[in-house]
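Structure, as structure tokens:
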Amino acid sequence: MPKKPIFTKEQVYKTAFEVFKIEGIDGISARNLAKSLGASPAPIYSFYSSIDTLKNELLDEAKKLFLDYVKKERTDSIFLNIGMGICIFAREEKELFQAIFLRESLGKRNEVIREFRDLIKDEMSKDSRFDNLDEEFKTNLYIDCWMYAHGFATLIATNYYENITDEVIKERLMEAAATMVYKRLEDYQK
1 MPKKPIFTKE QVYKTAFEVF KIEGIDGISA RNLAKSLGAS PAPIYSFYSS IDTLKNELLD
61 EAKKLFLDYV KKERTDSIFL NIGMGICIFA REEKELFQAI FLRESLGKRN EVIREFRDLI
121 KDEMSKDSRF DNLDEEFKTN LYIDCWMYAH GFATLIATNY YENITDEVIK ERLMEAAATM
181 VYKRLEDYQK
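The UniProt record's numbering applies: residue 1 is where the sequence shown begins, and numbers increase by one.
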């Protein structure tokens, strides 16, 4: 009769996600997880055919968490909420941010960016201020804002800005966004 598993798949997964949050995606190995569980690697392989399978699930979870951060209502402006969500995620979940955006993560980066872009486009389509602007303008504005917010978030995730507050994040995003929108509108009207 086969030996009964000591751990459930959920326990292995939760432990793996905690290791991921602390050590990053590179910290996910059968040996590391076994050490965290206080067991041999065998239980891990009884639930996952490979460590890459587990890493894919972890990255999917990190992606969902990221999208939850950018969708969270923090202000009256959906676009400011999105920018703040990116930066706060980078501050609170440094390793997850880095795994998604700064390392090659089993092809997940493009998937996240595509879903994020679709979220922005959907929000722009709901905002009447964008109705009279052509698609090229909206795309360029989205790219400008994404580059700034992503760059700012990267600085946060890599500890360039330590202990940055929500208020400072909000101020920096508002200043940059106002400048970008003003410049884009100025160019658009020429």
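Cβ atoms here follow ideal geometry from the backbone N, Cα and C, with glycine treated the same way.
Keep in mind the model is a prediction, meaning the values are calculated, not measured.
Would you call the segment 148-158 in contact with the segment 78-92, where contact means no fewer than 3 C-beta pairs closer than 8 Å? Using a Cβ-Cβ distance cut-off of 8 Å, the segment 148-158 and the segment 78-92 are in contact, since at least three pairs of beta carbons, one from each stretch, lie closer than that value.
What's the C-alpha gap between arginine 74 and isoleucine 143? Stepping through the sequence shown from its first residue, residue 74 is reached at position 74. Stepping through the sequence shown from its first residue, residue 143 is reached at position 143. So the two alpha carbons sit approximately 22 Å from each other.
Quick one: what does DSSP say leucine 133 is sitting in, helix, strand or coil? Locating residue 133 in the sequence shown gives position 133, counting from the first residue. DSSP places leucine 133 in the coil class of the three-state scheme, outside both helix and strand.
Proximity to isoleucine 174 [Cα-Cα], best of Asn81, Ser50 and Arg31: As a first step, residue 174 must be located in the sequence shown, where it is residue number 174. Note that residue 174 is methionine in the sequence shown, not isoleucine. Comparing Cα-Cα distances from methionine 174 to each of Asn81, Ser50 and Arg31, the minimum goes to Asn81.
Quick check on DSSP: helix, strand or coil for arginine 175? Locating residue 175 in the sequence shown gives position 175, where the first residue counts as 1. In the sequence as presented, arginine is not what sits at residue 175; that position holds glutamate. Helix, per DSSP.
By Cβ distance below 6 Å, which residues in the same chain neighbour alanine 149 in space, the five residues on each side in sequence not counted? Reading the sequence shown from its first residue, position 149 is the one you call residue 149. Cβ within range, chain order: Gly83 and Ile86.
Does the distance from the CB of leucine 33 to the CB of threonine 53 come in under 9 Å? Against the sequence shown, residue 33 aligns to sequence position 33. Against the sequence shown, residue 53 aligns to sequence position 53. Not closer than 9 Å, so no.
Taking only the alpha-carbon atoms, compute the straight-line gap between isoleucine 164 and tyrosine 45 and give it to the nearest angstrom. Here the question's residue 164 lines up with position 164 in the sequence shown. Here the question's residue 45 lines up with position 45 in the sequence shown. For isoleucine 164 and tyrosine 45, the gap between their C-alpha atoms comes out near 40 Å.
Is phenylalanine 47 near valine 12, with beta carbons less than 9 Å apart? Position 47 of the sequence shown, counted from the start, is the residue given in the question as residue 47. Position 12 of the sequence shown, counted from the start, is the residue given in the question as residue 12. Against a cut-off of 9 Å, the Cβ pair of valine 12 and phenylalanine 47 comes out as a contact.
Beta-carbon contacts of leucine 141 that lie in its chain and below 6 Å, excluding the five residues immediately before and after: Taking the first residue of the sequence shown as 1, we reach residue 141 at position 141. Sequence-distant partners of leucine 141 (beyond 5 residues in either direction) whose C-beta falls short of 6 Å from its own C-beta, in its chain, are Arg184.
Note down the Cα distance separating isoleucine 169 from isoleucine 6, rounded to an integer number of angstroms. Looking up residue 169 in the sequence shown gives position 169. Looking up residue 6 in the sequence shown gives position 6. Using only the alpha carbons, I get a separation of about 45 Å.
Secondary structure of asparagine 56, DSSP reduced to three states: Here residue 56 refers to the residue found at position 56 of the sequence shown. Correct three-state label for asparagine 56: helix.
DSSP three-state label for proline 43, please. The residue labelled residue 43 in the question sits at position 43 within the sequence shown. Secondary structure at proline 43: helix, using DSSP grouped into helix, strand and coil.
Around the C-beta of methionine 124, are 16 or more other C-beta atoms found within 10 angstroms, so that it is buried, or is it exposed? For the purposes of this step, residue 124 is identified with residue 124 of the sequence shown, where counting begins at 1. Buried.
Taking a contact to mean a Cβ-Cβ separation below 9 Å, would you say phenylalanine 66 touches phenylalanine 17 in this structure? As a position in the sequence shown, residue 66 is number 66, starting the count at 1. As a position in the sequence shown, residue 17 is number 17, starting the count at 1. Not in contact: phenylalanine 66 and phenylalanine 17 (Cβ atoms no closer than 9 Å).
Cβ atoms of glutamate 95 and lysine 9: under 9 Å apart, would you say? Position 9 of the sequence shown holds residue 9. Position 95 of the sequence shown holds residue 95. Contact: no.
What distance in whole Å lies between the Cβ atoms of leucine 119 and valine 70, which are believed to be in contact at a cut-off of 8 Å? Residue numbering aside, residue 70 sits at position 70 when the sequence shown is read from its first letter. Residue numbering aside, residue 119 sits at position 119 when the sequence shown is read from its first letter. Sure, about 7 Å apart at Cβ, within 8 Å.
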